[in-house]
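2 protein chains.
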Amino acid sequence: MSATTCQISLPPIKRTGRKFDQVLEGARKVFMADGFEGASVDDIARQAGVSKATLYAYFPDKARLFSEVARRDCDRIADAALQSIDMSAPVADVLSAVATQILTFLLTEPAQSMFRICISERGRFPEIAHAYYEAGPEMGRKQLEEGFRDAVARGELRIEDYTLAAEQFSDLAKSRLWLRAVFGVQTKFSHQEIAHVVDEAVKTFLARYGT
Amino acid sequence: MSATTCQISLPPIKRTGRKFDQVLEGARKVFMADGFEGASVDDIARQAGVSKATLYAYFPDKARLFSEVARRDCDRIADAALQSIDMSAPVADVLSAVATQILTFLLTEPAQSMFRICISERGRFPEIAHAYYEAGPEMGRKQLEEGFRDAVARGELRIEDYTLAAEQFSDLAKSRLWLRAVFGVQTKFSHQEIAHVVDEAVKTFLARYGT
DNA sequence: CCGCAACCGAACCGAGCAGTTTAGCCTTTT
DNA sequence: AAAAGGCTAAACTGCTCGGTTCGGTTGCGG
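Protein chains in written order, with the numbering used here: chain A, 1 to 211; chain B, 1001 to 1211.
Right under this line is the structure:
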């Protein structure tokens, strides 16, 4: 099922022919690695194993190709985030699992690339940053809130401002490591590091919102 | 006093002549607005009110000019962050003040621009992202830690992992608003919003680390 | 076997841009 | 007054890159 969150651009007019997916996949690789300006159409064609003429048979211009790639990635993220959280297990355990999932994903190369692209290309393509924000952080926040409501209903948490609580939780989960990844200060993250950050995040969160 | 943290590049060889600062200032504006690739040297010269020949009399090439601009900005930030925190007032008040200061600064246009530049140009100039991280987040973290140690010594806080506590504090302070600013989802922030986030950040932090 | 459509690759066009050069202007120094 | 040095405007070089065109090839359906 495809999330309906991503309204970036109209479809690229023509998708008949075998090489369509090749083009998109090649473009994705090159765009993620080099950004919009940095990626040359010749590079993309080469990477996709396709001639430039073929590429331009599918997409009217570089910008539309880029938008399509970004749109697909946003949808992919939205779909991935769509399985909701069940708060049936002990709260601390669930929170740990969720925090680990969030942090691990955010440290992933694709997630980092997508973030860089959004920031770098915000001037040229504001819709992409917006769509990514909706599909990623905002979607995640909503799910967290929902889980929190269940837990509060069961008397396991005590929350007034659900939205901010959710944001605080994911910010705590990202603590230290995400910023270091984004700045390129650190690129490898051990399980110990991740586990430690997650553990402390849950402790702090529960100190405030636990019962 | 100039902070010694920023080791990006050697000085630009020649700074005789009146127009030197003009060039740097013009370059700063254009680079911050358009990024490295996006900024054309002609634009910079025009913005600086200077001929291209003059510009190239000072700087050997565009990259060196860019590095110099970034270096200065990093130094500026490092200097600004240099006044330390006195934890003499009631902890909650001090934390509120510090959080407000951090958040307000991070939502500032220059801070946002500098962040965008670091991320966008990480591929070409990794040293800049690194220097900014050192001058900004890392510097701030150290100061926070120091303040925390005082407070712990006076029995007003209870902390095991100072580093992570500091990171958690600044992450809590950024909650929600910073991410929205970075993605361009929101550009104006009311005092109420800021105050609310700060307030909740301090509450959560003290729930965990307060005595 | 014919025809058609997708595809190739390589040449090509035009625009934009980093960096250079030239010819000359203005102000300060000697 | 002449020399020298900082500056300017504008033309120019060389390159990259987005996008187009074209002649030729592959492969598939009838």
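Here a beta-carbon is modelled for each residue, glycine too, at the ideal position from N, C-alpha and C.
Values in this document were obtained by computation on a predicted structure and should not be read as measured data.
- Of the residues assessed, A:Q168 falls on the buried side of the cut-off, its CB having 16 or more other CB atoms within 10 angstroms.
- Three or more Cβ pairs closer than 8 Å define a contact, and the region 24–40 of chain A meets that threshold against the region 118–125 of chain A.
- For B:Y1162, no chain A residue has a Cβ inside 8 Å of its Cβ, as the nearest lies near 12 Å away.
- As a beta-bridge residue in DSSP terms, B:G1210 pairs with B:L1157.
- Using a Cβ-Cβ cut-off of 8 Å, B:G1184 is close to R122, P126, A129 and H130 of chain A, given in chain order.
- A:K188 and B:Y1056 have their alpha carbons spaced roughly 40 Å apart.
- Around the Cβ of A:H130, a 10 Å sphere holds 16 or more other Cβ atoms; the residue is buried.
- Ranked by how close their Cα comes to the Cα of B:G1210, the residues B:P1110, B:R1018, B:A1165 and B:A1135 have B:A1165 in first place.
- Taken through DSSP and simplified to helix, strand or coil, B:C1118 comes out as helix.
- Residues of chain A whose Cβ lies closer than 7 Å to the Cβ of B:A1048 do not exist; the shortest such Cβ separation is about 21 Å.
- Contact of B:D1171 with chain A by beta-carbon distance below 7 Å involves D171, L172, K174 and S175.
- Under the three-state reduction of DSSP output, B:K1142 falls in the helix class.
- DSSP places B:I1008 in the coil class of the three-state scheme, outside both helix and strand.
- Going by beta carbons, B:D1171 and A:L107 fall outside the 8 Å limit.
- Under the three-pair Cβ rule at 8 Å, the region 193–203 of chain A does not count as touching the region 1095–1105 of chain B.
- Within chain A, the residues Q168, T204 and R208 have their CB atoms less than 7 Å from the CB of B:T1204, given in chain order.
- Nearest to A:R149 by C-alpha distance, out of A:V91, A:K14 and A:A81, is A:V91.
- By the criterion of a C-beta distance shorter than 6 Å, A:S120 is surrounded in its chain by G35, once the five residues flanking it on both sides are discounted.
- Three or more beta-carbon pairs separated by less than 8 Å link the region 18–25 of chain A to the region 38–50 of chain A, which places the two stretches in contact.
- Rounded to whole angstroms, B:Q1143 and A:A153 show a C-alpha spacing of 40 Å.
- In this structure, DSSP gives A:A111 a helical state, which the three-state scheme calls helix.
- The beta-carbon distance between A:M139 and A:D73, rounded to whole angstroms, is 14 Å. This is too long to meet the 8 Å contact definition.
- By the rule that beta-carbons nearer than 8 Å mark a contact, B:R1028 does not touch chain A.
- Chain order gives the chain A residues near B:L1179 as P137, where near means a beta carbon separation below 7 Å.
- In the displayed model, A:P137 falls within a helix according to three-state DSSP.
- Counted as a single uninterrupted DSSP element, the alpha helix (DSSP H) harbouring B:M1032 occupies residues F1020 to G1038.
- At least one CB of chain A lies nearer than 8 Å to the CB of B:C1118.
- Against chain A, a Cβ distance below 9 Å from B:Y1056 picks out nothing, because the smallest value is about 23 Å.
- If you ignore the 5 residues before and after B:M1087, its C-beta comes within less than 6 Å of the C-beta of V1094, G1147, D1150 and A1151, all in its own chain and listed in chain order.
- Scanning the region 1162–1202 of chain B from its first residue to its last, the whole alpha helix (DSSP H) runs of 4-plus residues come out as 1162–1174 and 1177–1183.
- Using a CB distance cut-off of 8 Å, B:E1037 counts as an interface residue toward chain A.
- Close to A:E156, with beta-carbon spacing below 9 Å, lies no residue of chain B; the smallest spacing is near 16 Å.
- For the pair B:V1098 and A:Y133, the CB atoms are not nearer than the 8 Å cut-off.
- Legend: CB atoms of the region 51–75 of chain A lying less than 8 Å from CB atoms of chain B are not found in any residue.
- With fewer than 16 neighbouring CB atoms inside 10 Å of its own CB, B:P1110 falls in the exposed class.
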